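Have a look at the structure below before the remarks.
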Amino acid sequence: MEFVAVAVAGLVGSFCSTLSPTTELAWVNRLCSRGDIASELGSFLSPNANIHFPRSEGFLESTNRWSTLGTPNISVVVEVANENDVAETIKYANTHSLPFLAVNGGHGAISSLEAVNNGIQIWLNQLNSISIAKDGSTATIGGGAPSKHITETLWAENKQTVTGICECTSLIGPGLGGGHGALQANYRLVADQFVSLDMVLANGTLITVDENSDLWWGMKGAGHNFGVVTSITSKICDVPHNGLWSYTNFIFTHDKVEVLYETINEMLLPDQPQDIISFSFFTNIPAIDPENSVVIFFILREGKEAVGSEYTDPFTNLAKWLRMEETSPPCQKEGNTQLRFPVDLQEFNPTAQHAAFDLFSKTANEAPALAASLFLLEGYSIQGVKVIPADSTAVPNRDANLLISSYLVYKPDGEGLDTKAWDLGENMRQILFKGSGQEHMYSYVNYAAGNEGPRSWYGYEPWRLEKLRALKEKYDPEHRFSFYAPFD
Ligand SMILES: Cc1cc2nc3c(=O)[nH]c(=O)nc-3n(C[C@H](O)[C@H](O)[C@H](O)COP(=O)(O)OP(=O)(O)OC[C@H]3O[C@@H](n4cnc5c(N)ncnc54)[C@H](O)[C@@H]3O)c2cc1C
């Protein structure tokens, strides 16, 4: 059986070598990458690596994405087992002028990924090792390790590091764009934990990047654009207060929207206490209000048995955990389109909040297909984020208090529904942005829809993009890493 496969691959290989690498016939491209890869790349890969072809179980599993937005066109998946497999795959792709894309948790959802055509997916799921250094101050973590695995492994040793709040994404996916999380007030962003990164560059070279490299700056905030990270050494620390957190949640009906956000402004912003997280979202709960959306508001406090009446009373007078576990609805990959339209805010404009809420509520009524959508308003405290000098990493706008984004979810059903969802998301963020009076719209790169543009993702100071472009010319002059929020 194996002999037949190799013989067929050989024939296909000879046929393909006669073609121009730029041929636009999709079936020829698919056939050729298949034939070449089995015979040419396979023998360079380590024994645990796998090549998955379309319709195989491994292909379907690895290309199943969180959102259909910007679905890359993948013709073959290389499941790598070590950094050398990554290097060989990149060299193979370069030789055949094929695009390649690193895929980790598969939760990246930005329209620019659509530019991957007939690409090789480098699937990192086997790179999930975690080892804690003897002195307990760092851990070396595989470039494909998911957040839940990291958190649980570290917690078993009474250690923690900053991850995103969702268990289902990887650590490095969020980290390359900065990485916001529940621990940031005390420990800074995910990217601020990096001590060094082992990575493979666009020409297949393996390098270690740390604070002595000029690439260090760009990897923290714009790292998707420079290489495939195969492992990171990250700062870790002891879990304080026995990991104690408390929370309270409230559900507010539509008539309370303005007063809720006025109260959050008064109680918590702009200098939200370091041990507090506030988090709200617009959602639809027909059993509570069949005609209007509602707001669910959480307040969390670290290190205390209860949030405390000094924080909860103002909200109690107005009126499950964050639903971000691996098994919770926001984590699932169910063939849905999921759209986010992020905008950073300093504080809430209650009138704009009301207008955005009304639009969300009205659209859910008119288009029941969008009724499972949320609108997220995340208020992580930022003392730790601001402590890092603004110009020392590619993360822009470290002063932002609030991360806002729609999270519109629906089963794909044609252009009409896509347009309705896209309009809703864009209009809601425009309402909030205009209401903020802010000069620039910053859109967190890890939540970006794709239409915001590089200044919105990487910063409006001209030197930021100039510096990124200079790094690009040095480390990826052929622009091979140009699919996730590119700035070129
Ligand atoms: C349910 C959910 C919850 C989220 N929660 C948070 C949160 O709490 N905080 C936060 O900051 N963000 C959060 N995000 C956004 C998240 O940061 C991005 O969606 C991120 O891209 C997800 O990474 P991934 O590895 O899961 O996805 P992938 O699609 O696998 O990766 C996204 C992109 O990152 C690049 N990439 C990934 N791994 C590597 C690597 N090892 N080397 C080089 N490039 C790589 C690739 O370009 C890839 O296209 C959340 C997203 C979702 C869907």
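Going by our numbering, the residue at position 372 of the sequence shown is 372; the numbering climbs one at a time, nothing skipped. Every residue, glycine too, gets a C-beta built ideally from N, C-alpha and C. Predicted model only: the values in this text are computed from it and were never measured.
With a cut-off of 7 Å, the C-beta of Asn-84 is classified as distant from ligand 1, since no heavy atom of the ligand falls inside that distance.
Rounded to whole angstroms, the separation of the alpha carbons of Lys-386 and Gly-243 is 24 Å. For Tyr-447, the Cβ falls inside the 7 Å cut-off from some heavy atom of ligand 1. Looking only at Val-190, Arg-464, Ser-147, Thr-337, the smallest Cα-Cα distance to Gly-218 is reached by Arg-464.
DSSP places Thr-363 inside the alpha helix (DSSP H), whose first and last residues are 350-366. Within 10 angstroms of the beta-carbon of Arg-65 lie 16 or more other beta-carbons, which makes it buried.
In the structure shown, the three-state DSSP call for Leu-471 is helix. Distance from the CA of Ser-111 to the CA of Val-445, rounded to the nearest whole angstrom, comes to 12 Å.
Ile-122 is not a Cβ neighbour of Thr-95, given a cutoff of 8 Å.
Inter-segment contact for the segment 253-272 and the segment 295-307 is present: three or more beta-carbon pairs are separated by less than 8 Å. In the structure shown, Thr-71 falls within a coil segment according to DSSP collapsed to helix, strand and coil.
Boundaries of the alpha helix (DSSP H) around Ala-222: 215-222. Burial is judged here by how many other beta carbons sit within 10 angstroms of a residue's own beta carbon; Asp-198 has at least 16 and is buried. Rounded to the nearest whole angstrom, the C-alpha separation of Ser-406 and Gln-338 is 9 Å. CA-CA distance, Ala-364 to Leu-417, rounds to 12 Å. Judged by their CB atoms, Val-77 and Thr-63 are nearer to each other than the 8 Å cut-off.
Note on the segment 302-339: whole beta strand (DSSP E) runs with a minimum of 3 residues are 337-339, in chain order. The Cβ atoms of Ser-436 and Gln-346 lie closer than 8 Å to each other. At least one heavy atom of ligand 1 sits closer than 7 Å to the Cβ of Tyr-484. The Cβ atoms of Ile-277 and Gly-379 lie closer than 8 Å to each other.
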